[in-house]
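In the numbering used here, the protein residues as written are 45 to 456.
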Ligand code: HGY
Ligand code: MN
Ligand code: MN
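Right under this line is the structure:
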C-alpha cells in the first residue's frame with residue numbers, strides 16, 4: 045500500500061466549491077432533487093469534468109454515470125468508488141457529493157502517478173439515492189435488485205418518476221439493462237459524511253461502517269368525512285386530521301419506549317380537501333421507519349401498523365396503507381472494513397467502527413460484491429439541511445483513506 049501518494053486537496057476543493065454553487069439554496073445548502081434542473085446541471089458538470097480530466101466517460105441505462113480508469117489488464121475486474129449527486133429537497137452540500145468528488149479525485153491521483161493496477165477503477169454517481177423518485181434507484185438497478193413491478197408504485201409517485209425519466213432522457217427498460225455481472229466487480233467503497241454525532245462526540249477522525257440500517261416506507265391515509273367546520277358538532281366529526289396526528293405522536297412515544305435502536309419519521313402530511321373551514325375528509329402521511337436488523341424490524345412494523353389502525357378507529361376513521369419500498373439491513377464486508385482500518389491507521393488517523401443510521405448505495409452494492417463505507421465527522425451531526433457541515437481537513441482525510449483503501453483492495 046503506497047502511503048506516499050496523496051490526493052490533490054486543492055483540486056478536490058475546486059470541484060467541491062463549483063458543485064456547491066450548482067443548486068445552492070438560501071439556507072446554505074443545495075436543492076438538487078433527482079432530475080430537477082439543478083440535478084441535471086450537476087450531472088452535466090460531472091460529465092464535462094470527467095472528459096476534461098482525460099478519463100473515460102460511461103452512462104448506463106439507469107442513468108448511473110462514471111469516470112473509468114482502465115487497468116492495462118483488459119480482463120480486469122472493476123473496483124467501484126462512488127456515491128450520489130442528487131440531494132433531498134434543501135439538503136446539505138456534503139451528502140453524496142463528497143463521495144463522488146473524492147472518488148473522481150482518487151482516479152485522477154492514480155492516473156497522474158501512472159500506477160498500474162490489476163483492476164479497472166470507476167468513480168460512479170448513482171441515480172436517485174435519496175428517494176425523491178424511488179430510493180437507491182441507480183445502485184439497485186446496477187445490482188440487479190429492481191423487481192419488475194418496482195417502478196409501478198415508487199415512493200415519489202409514478203407520474204413524478206416518468207416525468208423525471210423523460211427530463212433525463214432515460215427509459216424504464218433501461219433500468220433493467222443496467223445490471224452488472226457480480227463477477228465483474230472487485231468491490232465497492234464509498235466515502236460519506238456520518239450525518240450523525242458519533243465521530244464528533246468521540247473526537248475520532250474516521251468511521252469504519254459495520255452495518256447499514258433497514259429502511260421501509262409507507263403512505264398511510266386516514267379516511268373520515270369532509271364537513272362544515274362551523275356547524276358540525278365537535279363530537280359528530282369524522283376528522284381525518286385527528287387520526288393522522290394522534291398516530292404521529294403515539295408512534296414517536298412507542299419507539300422511544302419500546303424500540304430504542306430504531307427511528308420513525310413522518311416527513312410529510314396532507315389534509316384534503318384542505319381549507320380553513322372544512323373538517324379534513326382525508327389525511328395522508330409519509331411514514332418511514334428504520335431498524336438495525338430484520339427481527340427488530342418485524343416487531344416495529346407490526347406495532348406501527350397496529351397503532352395506525354387503533355388511531356383510525358378511535359376517531360371513527362378508515363385506514364389505507366400503501367407499502368412504498370424497503371432496503372435491507374446490510375453488513376459491510378470484512379475485507380473492505382479491514383482495508384479502511386489499515387488505510388486510516390497508516391495515515392495516522394484515529395478511527396472507530398460504527399453502524400450507519402442513514403441508508404446508502406453501499407446497501408445495494410453489498411448484495412453483489414464486497415462493499416465498505418468510510419465516514420467523516422458531521423459537525424453537530426447535522427445533515428439533510430443547510431446546517432450540514434464537515435471540516436475541510438476531515439474531507440481531505442476521508443479522500444486519502446478512500447485512496448489508500450482502494451489501493452489496498454485493488455491488491456487483494
Ligand atoms: O435517507 C437516508 O438515510 C439517506 O440520506 N438517503
Ligand atoms: Mn447520502
Ligand atoms: Mn441523504
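We put the beta carbon where it would ideally sit given N, CA and C, even for glycine.
Tell me whether residue i counts as near ligand 2, meaning its Cβ is closer than 6 Å to at least one heavy atom of that ligand.
i           : result
residue 139 : yes
Use the C-beta contact count for residue i: other C-beta atoms within 10 angstroms, 16 or more gives buried, fewer gives exposed.
i           : result
residue 436 : exposed
residue 234 : buried
residue 130 : buried
residue 304 : exposed
residue 156 : exposed
residue 441 : buried
residue 116 : exposed
residue 374 : buried
residue 243 : buried
residue 239 : buried
residue 319 : exposed
residue 54  : exposed
Within 6 Å: the Cβ of residue i and any heavy atom of ligand 1?
i           : result
residue 136 : no
residue 106 : no
residue 240 : no
residue 403 : yes
Leaving out five residues before and five after residue i in sequence, what residues of the same chain have Cβ atoms less than 6 Å from its Cβ?
i           : result
residue 250 : 388, 393, 395, 445
residue 51  : 149, 153, 443, 444, 447
residue 166 : 110, 112, 122, 124
residue 338 : none
residue 261 : 199, 332, 368, 369
residue 341 : 258, 335
residue 147 : 125, 126, 167
residue 49  : 157
residue 327 : 266, 284, 285, 288, 315
residue 161 : 115, 454
Rank the options by C-alpha distance to the C-alpha of residue i and give the top, closest one.
i           : options            : result
residue 323 : 293, 280, 294      : 280
residue 75  : 452, 430, 450      : 430
residue 421 : 404, 411, 398      : 398
residue 132 : 70, 428, 452       : 428
residue 454 : 172, 87, 415       : 415
residue 267 : 356, 118, 110, 187 : 356
residue 376 : 407, 243, 290, 202 : 407
residue 139 : 159, 158, 169, 354 : 169
residue 349 : 291, 321, 328, 339 : 291
residue 104 : 217, 337, 311      : 217
residue 365 : 351, 278, 374      : 351
residue 77  : 60, 244, 96, 136   : 136
residue 413 : 225, 215, 101      : 225
residue 134 : 254, 239, 67, 410  : 67
residue 265 : 278, 288, 243      : 288
residue 222 : 378, 102, 278      : 102
residue 275 : 231, 321, 99, 293  : 321
residue 80  : 231, 171, 247      : 171
residue 426 : 89, 245, 57, 410   : 245
residue 186 : 159, 210, 228      : 228
residue 86  : 362, 60, 206, 56   : 60
Quick test of your reading: residue i and residue j, contact by CB under 8 Å. State the CB separation rounded to the nearest angstrom.
i           : j           : result
residue 120 : residue 62  : Going by Cβ atoms, the distance from residue 120 to residue 62 rounds to 31 Å, so no, they are not a contact pair.
residue 212 : residue 177 : So it is not a contact: roughly 10 Å between Cβ atoms.
residue 107 : residue 182 : 6 Å
residue 312 : residue 300 : Actually they are not in contact, since the Cβ atoms of residue 312 and residue 300 sit about 21 Å apart, beyond 8 Å.
residue 460 : residue 325 : As shown, the chain starts at 45 and ends at 456. That puts residue 460 outside it, with no answer to give.
residue 295 : residue 315 : Actually they are not in contact, since the Cβ atoms of residue 295 and residue 315 sit about 18 Å apart, beyond 8 Å.
residue 286 : residue 359 : 5 Å
residue 189 : residue 219 : The Cβ separation is near 11 Å, so there is no contact.
residue 248 : residue 401 : That pair is no contact at about 17 Å.
residue 424 : residue 241 : 7 Å
residue 145 : residue 99  : Contact flag wrong, Cβ pair sits at about 13 Å.
residue 293 : residue 361 : No, residue 293 and residue 361 are not in contact; Cβ-Cβ is about 16 Å, not under 8 Å.
Under 6 Å from any heavy atom of ligand 4, does the C-beta of residue i make it?
i          : result
residue 88 : This structure lacks ligand 4; the ligands present are ligand 1, ligand 2 and ligand 3.
Give every residue of the same chain whose Cβ lies closer than 8 Å to the Cβ of residue i, excluding the five residues on either side of it in the sequence, and list them in chain order.
i           : result
residue 449 : 233, 380, 383, 384, 386, 387, 416, 418
residue 83  : 67, 76, 77, 129, 130, 131
residue 254 : 375, 376, 381, 397, 398, 399
Who are the near neighbours of residue i in its chain, counting only those whose CB is closer than 7 Å to its CB and skipping five residues on each side?
i           : result
residue 196 : 202
residue 143 : 126, 127, 234, 235, 236
residue 46  : At residue 46 the pLDDT is 49, less than 50, meaning the model places this residue with poor confidence and gives no usable figure here.
residue 180 : 173, 371, 403, 405, 407, 408
residue 439 : 142, 420
residue 208 : 78, 79, 177
Does any heavy atom of ligand 3 sit closer than 6 Å to the C-beta of residue i?
i           : result
residue 174 : yes
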